[in-house]
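These notes are about the structure you will find just below.
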DNA sequence: ACCACGGGGTGAAACGTTTCACAAGCTGGT
DNA sequence: ACCAGCTTGTGAAACGTTTCACCCCGTGGT
C-alpha cells in the first residue's frame with residue numbers, strides 16, 4: 001500500500017534512516033531487537049526496496065544481460081539456461097535480449113542496456129569486426145564477454161567453440177563416405193559462425209584431396225524456413241549437377257532442408273546425405289535423425305557467465321581469457337550410407 | 346569517457362541543467378542553436394543517460410517483463426517474440442524471465458521485478474489460485490496480464506487459448522479413429538494447462554460414449570526427457586493393458602514419447618497413435634510428423650503485450666478483458682491410421 | 001511610452017537509497 | 001577515576017535526473 005520508502009519504515013520503527021539501510025544491507029551490524037522492530041515495520045508496511053534509487057547511489061546494478069542472435073533457436077536457449085544458472089546463483093538477474101540477427105536491433109538493445117548501466121554483458125554480436133557501440137560499453141567499464149565468437153579486435157574475454165574444427169569434422173565425415181559434390185547451406189555469410197564452419201569444411205576438403213567440390217548455397221537466415229527454401233533450390237537442379245550431400249551451418253536449417261528434400265521427393269540418406277550443426281535436442285527426434293556437430297551449449301553459457309562475474313568482481317585489471325571448446329561429431333541416420341550411388345560418369 | 350552526467354554536458358555547452366534535460370525530453374522547446382550546442386556537447390562527451398536516476402525521479406520504468414514457464418520450450422519463445430514486437434514498437438524493452446516451472450524461482454523473479462518497478466508484467470504463473478505476490482504487484486499499481494491462463498481469482502486482463510477445447514479436439518479425434526484405451530501423458534497436474542487439457546479430453550470421451558478409457562500418466566515436467574521416460578513405462582506394460590493411443594499435454598513430451606516408443610520397439614502410428622499439443626515448428630519435422638493442437642503462439646504474445654500497454658497508458662480505471670483464442674487440430678502422420686488393431690477380445 | 005505576452009532559459013527541489021564521519025553508551029584494564 | 005576500544009545508532013551528503021516556478025527580454029498592440 002505504502003508507496004513510500006525507507007523513511008516511512010524508519011519512522012514506524014522509531015529509528016533513523018541509516019539504521020533501516022543497515023538492516024537491509026548489513027543485518028549483523030544491528031542489534032537483534034532493533035533489527036526485529038525494523039523488519040516488522042517493513043512487513044506491516046509492505047515496503048519494497050527501490051532498485052533505481054539503490055543503483056543510482058551505488059553506481060552499479062546487479063543485472064547481467066545476454067544478447068543472443070535468436071531466442072527461438074534451441075541452441076541459444078540452452079546457452080541462456082547455462083548463464084542463468086550461474087548468474088542467479090550469484091544473486092543476480094539475467095535479462096535476455098534478442099537481436100534477431102539484426103544489427104539495428106542489437107544496437108537499440110545495447111543503447112538501452114548502457115543507459116541501464118548493467119553489471120555486465122554477454123553477447124554474440126551480429127557482425128564481426130570493430131564494434132563501436134560495444135567498445136563504448138567497455139570504455140565505460142562494463143565487462144563484456146563474447147559468446148561463441150573469437151574476441152576479434154576487441155580485447156575481451158570470450159567463450160567459443162572451434163567452428164573451423166566443426167566444419168572440418170562434418171566435411172571430413174562426408175568425404176570419407178565417398179561424397180564428391182557437397183553443398184554448404186548457410187548464411188548470411190557475414191555471420192562469423194557461418195563463415196568459419198564453411199572455411200573449416202573447405203580446408204578439410206582441400207586437404208582430403210580427390211577434388212571434392214563444395215558448393216555454397218547462401219541463405220538469408222539460419223531458420224527452418226530458409227532451409228526449406230534452399231532444399232527446393234537444390235531439388236530443382238538437374239540431376240547431374242546436384243550435390244549428393246548437404247552440410248548445413250545449423251540444425252534449424254538442416255531440419256528445414258530435410259522437409260524441403262522430402263517435399264521434393266528426395267530421400268535422406270539414400271539420395272542425399274545431411275549433416276547439421278549444434279545437435280539441438282530436436283535433431284535426434286527429426287524425421288531422419290540428424291548427424292550433427294555437437295557443441296557444449298549449456299557449458300558455453302555457464303563459462304561465459306563465470307568469466308563475466310569474475311571480471312566484474314575484480315576491481316583491478318583483469319587478464320582476459322579465451323576459452324575454446326571442441327565440438328564433436330554425432331553420427332546418426334542422416335548420413336548412414338556407404339556413400340553416394342555413382343551416376344552419370 | 347566521462348563518467349559524469351548532465352551536469353558536465355551543461356557546463357560544456359554553457360547552459361543550465363534544465364536546458365540539457367529539455368533537449369533530451371522536449372527538444373522542440375529549445376531554440377535550434379542551443380539545441381545544437383547541447384547535442385554536440387553530448388556527442389563529444391559520449392554522454393549516456395542514466396536510467397536509474399531518470400526512473401527514480403520519474404517513478405516508472407519503461408521495461409516490461411515476461412515470466413515464462415520454460416524458455417527452452419519453442420511455444421514460449423514464440424509467445425515472447427510476439428510480445429517483444431509490440432513492446433519494442435512502443436519504445437519499451439522486454440525482459441524475459443524463466444521460472445522453469447519452479448514456484449520459488451518465480452517468486453524470486455517477481456521480487457526482483459517489483460524492486461525494479463517494472464512498467465508491467467506478462468506472466469504465466471506456475472500455479473493457479475490466489476497468488477499473494479502477484480496481488481501485491483497489482484496493489485502497487487503494476488499492470489499484470491495473465492498469459493495462457495484464465496484470470497482465476499485475480500481480476501486482471503488475460504490472454505489464453507481454450508485448453509479444454511484443445512483437449513476435446515485431441516480426444517475426439519482419437520476416439521473417432523476407434524481408440525478405446527487412451528493414455529494422457531502430462532504433468533505436473535498442478536499446472537492449469539495440463540489439468541484443462543486433461544479435463545477437456547475426459548469430458549469429450551465421456552460425451553462420446555462407448556466407454557473409452559483415459560488413463561493418466563503423470564510426468565514431473567513438460568520436457569522431452571520426461572516424455573521419453575513415460576514412454577518407457579508404457580512400453581513396459583503388458584500388451585493387453587497397454588493403451589493404443591497417447592495424448593500428450595505438450596509437443597516436447599510427445600517428441601520424447603516418440604523417441605521412447607521407438608526405443609521400446611513400438612511404431613507410430615501403427616502400434617500407437619500419438620497426439621501432441623502446441624504444434625511447435627519441430628512437430629512437423631519429427632521422425633513421424635506429429636498430429637498436434639495448434640495455438641496462435643505469437644498472436645498470444647502480441648495481444649498480451651497490447652493489453653498490457655493499453656492498461657499502463659490508461660491512468661484511470663481500466664476494464665479488464667479476457668481474450669480467448671481457439672485452438673485447432675492439425676492432423677499429421679502420427680495418427681494416420683484407421684484405428685487400433687483389435688486384440689485380445 | 002507602456003503593457004501584456006510568450007519564447008527561451010534558469011536554478012533549486014525532490015525522487016529513495018547508500019555511505020560515511022561521528023556520537024553515545026558500555027566494558028574492562030590500569 | 002580514566003581512557004581505549006567496541007558496539008550500536010545517527011544524520012546529512014551525494015548519486016543524476018526531471019520538474020516547476022520563475023525570470024529576462026524582445027515584440028506588437030494601444
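Chains as they are written, first to last, in this note's numbering: chain Y, 1 to 345; chain R, 346 to 690.
Yeah, the Cβ is synthetic: ideal placement off N, Cα and C, and Gly gets one too.
Quick caveat: nothing in here was measured; it's all calculated off a predicted structure.
For residue i and residue j, what's the separation of their Cα atoms in angstroms?
i                     : j                     : result
residue 334 (chain Y) : residue 267 (chain Y) : 10 Å
residue 99 (chain Y)  : residue 112 (chain Y) : 13 Å
residue 691 (chain R) : residue 422 (chain R) : The requested residue 691 (chain R) does not occur in the structure, where chain R is confined to residues 346 to 690.
residue 347 (chain Y) : residue 14 (chain Y)  : It is not possible to answer for residue 347 (chain Y), since the shown part of chain Y is limited to 1 through 345.
residue 531 (chain R) : residue 618 (chain R) : 16 Å
residue 600 (chain R) : residue 633 (chain R) : 9 Å
residue 226 (chain Y) : residue 627 (chain R) : 14 Å
residue 110 (chain Y) : residue 462 (chain R) : 21 Å
residue 536 (chain R) : residue 566 (chain R) : 10 Å
residue 120 (chain Y) : residue 430 (chain R) : 25 Å
residue 581 (chain R) : residue 327 (chain Y) : 36 Å
residue 350 (chain R) : residue 202 (chain Y) : 51 Å
residue 507 (chain R) : residue 294 (chain Y) : 38 Å
What are the boundary residues of the beta strand (DSSP E) that residue i is part of?
i                     : result
residue 673 (chain R) : 673–675
residue 639 (chain R) : 636–639
residue 318 (chain Y) : No beta strand (DSSP E) holds residue 318 (chain Y); DSSP gives it neither H nor E.
residue 590 (chain R) : 590–593
When you compare the CB of residue i with every CB in chain R, is at least one pair closer than 8 Å?
i                     : result
residue 195 (chain Y) : no
residue 55 (chain Y)  : yes
residue 72 (chain Y)  : yes
residue 282 (chain Y) : yes
residue 128 (chain Y) : no
residue 46 (chain Y)  : yes
residue 40 (chain Y)  : no
residue 272 (chain Y) : no
residue 136 (chain Y) : yes
residue 67 (chain Y)  : no
residue 87 (chain Y)  : no
residue 330 (chain Y) : no
residue 268 (chain Y) : no
Could you tell me whether any Cβ in chain Y is nearer than 8 Å to the Cβ of residue i?
i                     : result
residue 521 (chain R) : no
residue 459 (chain R) : yes
residue 422 (chain R) : yes
residue 634 (chain R) : yes
residue 429 (chain R) : yes
residue 682 (chain R) : no
residue 395 (chain R) : yes
residue 603 (chain R) : yes
residue 443 (chain R) : yes
residue 600 (chain R) : yes
residue 644 (chain R) : no
residue 630 (chain R) : yes
residue 368 (chain R) : no
residue 426 (chain R) : yes
residue 354 (chain R) : no
residue 440 (chain R) : yes
residue 492 (chain R) : no
residue 462 (chain R) : yes
residue 620 (chain R) : no
In the DSSP assignment, what are the bridge partners of residue i?
i                     : result
residue 181 (chain Y) : Y:213
residue 276 (chain Y) : Y:292
residue 224 (chain Y) : Residue 224 (chain Y) pairs with nothing; no bridge assigned.
residue 121 (chain Y) : Y:65 and Y:144
residue 310 (chain Y) : Answer is none; residue 310 (chain Y) lacks a bridge partner.
residue 235 (chain Y) : Answer is none; residue 235 (chain Y) lacks a bridge partner.
residue 353 (chain R) : According to DSSP, residue 353 (chain R) bridges with nothing at all.
Considering just the uninterrupted stretch of the alpha helix (DSSP H) at residue i, what are its terminal residues?
i                     : result
residue 198 (chain Y) : 192–208
residue 257 (chain Y) : 251–263
residue 512 (chain R) : 508–521
Runs of 4 residues minimum, wholly inside the segment 63–115 of chain Y: which ones carry the alpha helix (DSSP H) assignment?
74–89 and 103–115
Ranges of the alpha helix (DSSP H) found wholly within the segment 471–502 of chain R, counting only runs of at least 4:
477–484
Would you list, in sequence order, the uninterrupted beta strand (DSSP E) runs of no fewer than 3 residues that lie entirely inside the segment 16–53 of chain Y?
none
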